[in-house]
Amino acid sequence: MRSYQGPALLVGEGTGVSAAGIDVVVALTVLEPSDGPEGHGEPWTVTLEAASGSRALAGLAGLALILRLPTGTEGEILLDWVSEDTAESGRATGNGTAPV
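Read left to right, the sequence shown gives residues 9 to 108 (this note's numbering).
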């Protein structure tokens with residue numbers, strides 16, 4: 009199992025996310041490799057937290073977005089759920105190779 013906790017940038021052209029992206033703090037977990045040594049297709053999940061009071065994730069549930077880590081690596085995610093109360097937190101499922 010691999011994981012990453014820390015800052016990341018959420019970007020998504022044509023999704024309503026600004027060109028600058030959304031700064032988030034993430035907890036990313038890669039459950040286990042399921043498709044060879046490169047880990048292509050491995051299942052991974054992410055929890056996201058935007059700045060308190062920002063409502064930055066509002067309206068993004070169900071969209072495919074790119075999660076970019078400070079190292080420059082990125083992975084595609086599907087934002088499965090966003091808190092209706094605050095729109096500051098959410099959960100996502102990774103698509104393809106994890107960025108860690």
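Note that CB positions come from ideal geometry on N, CA and C, so glycine has one too.
These numbers were taken from a predicted model, which means no experiment stands behind them.
What first and last residue would you give for the beta strand (DSSP E) that runs through V33? 30-38
Excluding the 5 residues preceding and the 5 following P107 in the sequence, name in chain order all residues of the same chain whose CB lies nearer than 7 Å to its CB. L75, L77, T81, E82, G83
Inter-residue Cα distance where the pair is G61 and T94: 7 Å
Through-space distance from R10 to G22, alpha-carbon basis: 31 Å
Give me the DSSP bridge partner(s) of R76. L17, E82
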